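Colleague: After the structure tokens below, expect a handful of questions from me.
Protein chains in written order, with the working numbering: chain L, 12 to 225; chain X, 452 to 713.
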């Protein structure tokens, strides 16, 4: 009987040990695989982005092409949730739905507005670092008559496929800065989330008016 | 005589009373109340801005000055002066700040960075015609920013609370750093009476207008996109300073430039 228990224990140890060593051995290669994925992902995203921006089509056509690219590669919902910070917990379901819808539009406007800035851009991929749940891919962006700029792209795999969840330019994270903006705004309006929603709506309306004036 | 003295002392007491009431009232307008809600408290700690009410006042005044004076001047300057000339003047301003960058590189214990700046200073002031042409950059000595605030940061001194000063976002540490940098700038030691003081004033004002003209688009975009520009600037500034200090700390390049080995 004791022999049986012992042998079982031994078997458990052995299997645990093998499992551990397999995990240990496989982790560097899986990290390498992960890193390659992140690199390829940003490389492809950047290539498509540059090809759209540099193509000889009108600005409105470029915007139309850009929308699916961004929706496919940027996790706008996750970013939106992050940006609402501590107020996400207290928002009602209705507020959350409306907020995410507005945030989608706001972010798309912010990205498509910068279309002109990306003309004649080329980029190289640098260091890739692994964090808890995501990878940070460093890129050096060169534009004519501009000094090279270093930008980091945070790629998350939590949704199952690689998605951009943050952009860090000159040391400042875009989503963290946005969260500070929203948090301060809500805090200065007595914690009322609806004031934020109407402020974002106002921004979107102004943007639409400016676009129709052009 | 005695009466006069009494009146005098009464006046002094009255003045002291007004001052103390003023400072107490001032305090409540200077310091933000510490929130009790744990989530709000976490936010309060993360923003590191206990003097927010005072900072916001300074920020609003600065933005007003910007709107009615600095921005129009910067726009006019950009309109009137061709790009090439503006570029050269920008190079000159960069060169004039180089001594304090050099001292800070030395203080940070980064000989490679200090050497780059020293080479830039020597090359640009001579071949670069007093700093107007950035010849050093063409030779591979790129400019980098450094200031005493960053040096103090790398010496392990915490930033202290956030401050918005009339010259822009800062902190207790970076404000002290600004004072140190001024002390290290040779332009503040020019002898009086040679018209150099007025040169200094002109130069500082010009540097301000030039600096503003370089960021016309960015600040417009910020005012348009941010719902609370004060909070956005505060967050971006705090993150950026951390990144700048880390970049200096992690610069382990060899002292000898790469071309030396070829």
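Heads up, the beta-carbon is just placed ideally off N, CA and C, and yes, glycines get one too.
Since this is a predicted model, take the numbers as computed values, not measurements.
Taking Cβ-Cβ distances shorter than 7 Å, what residues in chain L pair up with residue 490 of chain X?
Modeller: As a working note, residue 490 of chain X is residue 39 in the second chain. Within chain L, the residues near residue 490 of chain X are 97.
Colleague: Which stretch, first to last residue, makes up the beta strand (DSSP E) that contains residue 81 of chain L?
Modeller: One-based indexing of the first chain puts residue 81 of chain L at position 70. No beta strand (DSSP E) holds residue 81 of chain L; the alpha helix (DSSP H) holding it covers 70-84.
Colleague: At a CB-CB cut-off below 9 Å, which residues of chain L make contact with residue 683 of chain X?
Modeller: Reading the second chain from its first residue, position 232 is the one you call residue 683 of chain X. The answer, in chain order, is 188, 189, 191, 192, 195.
Colleague: Please classify residue 652 of chain X: does DSSP put it in a helix, a strand, or coil?
Modeller: Within the second chain, numbered from 1, the residue matching residue 652 of chain X stands at position 201. Of the three classes helix, strand and coil, the one that applies to residue 652 of chain X here is helix, per DSSP.
Colleague: Rounded to the nearest angstrom, how far is the Cβ of residue 679 of chain X from that of residue 195 of chain L, given a contact under 8 Å?
Modeller: Position 228 of the second chain, counted from the first residue, corresponds to residue 679 of chain X. Position 184 of the first chain, counted from the first residue, corresponds to residue 195 of chain L. Indeed, because the Cβ distance is near 4 Å, the residues count as touching under 8 Å.
Colleague: Between the C-alpha atoms of residue 563 of chain X and residue 571 of chain X, what's the straight-line distance to the nearest angstrom?
Modeller: As a working mapping, residue 563 of chain X is identified with position 112 in the second chain. As a working mapping, residue 571 of chain X is identified with position 120 in the second chain. Taking the Cα positions, residue 563 of chain X is about 12 Å away from residue 571 of chain X.
Colleague: Distance check for residue 485 of chain X and residue 549 of chain X, CA to CA, integer angstroms please.
Modeller: As a working note, residue 549 of chain X is residue 98 in the second chain. As a working note, residue 485 of chain X is residue 34 in the second chain. Looking at the two C-alpha atoms, the distance is approximately 41 Å.
Colleague: With distances taken from CA atoms, which of L:180, L:55, L:166, L:88 is nearest residue 151 of chain L?
Modeller: Walking along the first chain from the start, residue 151 of chain L turns up at place 140. Out of L:180, L:55, L:166, L:88, L:180 has the C-alpha closest to the C-alpha of residue 151 of chain L.
Colleague: Return the chain-ordered list of same chain residues with a C-beta closer than 8 Å to the C-beta of residue 61 of chain L, the five sequence neighbours on each side being excluded.
Modeller: Indexing the first chain from 1 puts residue 61 of chain L at position 50. Here the set comprises 129, 132, 133, 134.
Colleague: Is residue 691 of chain X closer than 8 Å to residue 182 of chain L when the C-beta atoms are compared?
Modeller: Looking up residue 182 of chain L in the first chain gives position 171. Looking up residue 691 of chain X in the second chain gives position 240. The answer is yes: Cβ separation under 8 Å.
Colleague: Buried or exposed: which applies to residue 546 of chain X, given that a residue is buried once 16 or more other Cβ atoms fall within 10 Å of its Cβ?
Modeller: Here residue 546 of chain X refers to the residue found at position 95 of the second chain. The residue is buried, with at least 16 neighbouring Cβ atoms inside 10 Å.
Colleague: Distance cutoff 8 Å, beta carbons only. Does residue 693 of chain X sit that close to anything in chain L?
Modeller: Within the second chain, numbered from 1, the residue matching residue 693 of chain X stands at position 242. The C-beta of residue 693 of chain X comes closer than 8 Å to at least one C-beta of chain L.
Colleague: Any contact of the stretch 512-524 of chain X with the stretch 625-634 of chain X, i.e. 3+ C-beta pairs under 8 Å?
Modeller: No, because fewer than three Cβ pairs between the stretch 512-524 of chain X and the stretch 625-634 of chain X fall closer than 8 Å, the two stretches do not touch.
Colleague: Kindly list, in the order they appear in chain X, the residues whose Cβ is closer than 8 Å to that of residue 184 of chain L.
Modeller: On the first chain, position 173 is the one that residue 184 of chain L refers to. Neighbours of residue 184 of chain L on chain X, chain order: 690.
Colleague: So for residue 578 of chain X, helix, strand or coil by DSSP?
Modeller: The residue labelled residue 578 of chain X in the question sits at position 127 within the second chain. Of the three classes helix, strand and coil, the one that applies to residue 578 of chain X here is coil, per DSSP.
Colleague: Which of the residues in the stretch 131-154 of chain L, read from start to end, lie with their CB under 7 Å from any CB of chain X?
Modeller: Flagged: no residues at all.
Colleague: Spatial neighbours of residue 699 of chain X within its chain, please: C-beta separation below 7 Å, excluding the five flanking residues on both sides.
Modeller: Counted from its first residue, the second chain places residue 699 of chain X at position 248. Once the five neighbours on either side are set aside, the close Cβ partners of residue 699 of chain X are 559, 561, 597, 601, 605.
Colleague: Residue 174 of chain L lies in the beta strand (DSSP E); which residues open and close that run?
Modeller: Within the first chain, residue 174 of chain L is the residue found at index 163, counting from 1. Element bounds for residue 174 of chain L: 174-180.
Colleague: Establish whether the CB of residue 686 of chain X and some CB of chain L are separated by less than 8 Å.
Modeller: Stepping through the second chain from its first residue, residue 686 of chain X is reached at position 235. Yes, because at least one Cβ of chain L sits closer than 8 Å to the Cβ of residue 686 of chain X.
Colleague: As an exercise, report each continuous alpha helix (DSSP H) stretch of at least 4 residues that is fully enclosed by the stretch 484-536 of chain X, in chain order.
Modeller: 489-498, 503-516, 522-531
Colleague: So, for residue 466 of chain X: in the same chain, excluding its five sequence neighbours on each side, which residues have a beta-carbon less than 7 Å away from its beta-carbon?
Modeller: Your numbering for residue 466 of chain X matches position 15 in the second chain. With a pLDDT of 46 at residue 466 of chain X, under the threshold of 50, the predicted position of this residue should be treated as unreliable, though the coordinate-derived value follows. Short of 7 Å from the beta carbon of residue 466 of chain X, and not among the five residues preceding or following it, lies no beta carbon of its own chain.
Colleague: What is the residue span of the beta strand (DSSP E) that residue 608 of chain X lies within?
Modeller: Locating residue 608 of chain X in the second chain gives position 157, where the first residue counts as 1. Where residue 608 of chain X is concerned, there is no enclosing beta strand (DSSP E), given that its DSSP letter is neither H nor E.
Colleague: Please compile the residues from chain X whose C-beta is within a distance smaller than 9 Å of the C-beta of residue 199 of chain L.
Modeller: The residue you call residue 199 of chain L lines up with position 188 of the first chain. Simply 679, 682.
Colleague: Counting C-beta neighbours from all protein chains within 10 Å, is the total for residue 683 of chain X 16 or more, i.e. buried, or is it exposed?
Modeller: The count along the second chain starts at 1 and reaches residue 683 of chain X at position 232. Residue 683 of chain X should be labelled buried.
Colleague: Using the C-alpha atoms, what's the distance from residue 98 of chain L back to residue 551 of chain X?
Modeller: Here residue 551 of chain X refers to the residue found at position 100 when the second chain is read from its first residue. Here residue 98 of chain L refers to the residue found at position 87 when the first chain is read from its first residue. Taking the straight line from one Cα to the other gives about 44 Å.
Colleague: On the three-pair Cβ rule with 8 Å, is the stretch 105-117 of chain L touching the stretch 79-96 of chain L?
Modeller: yes
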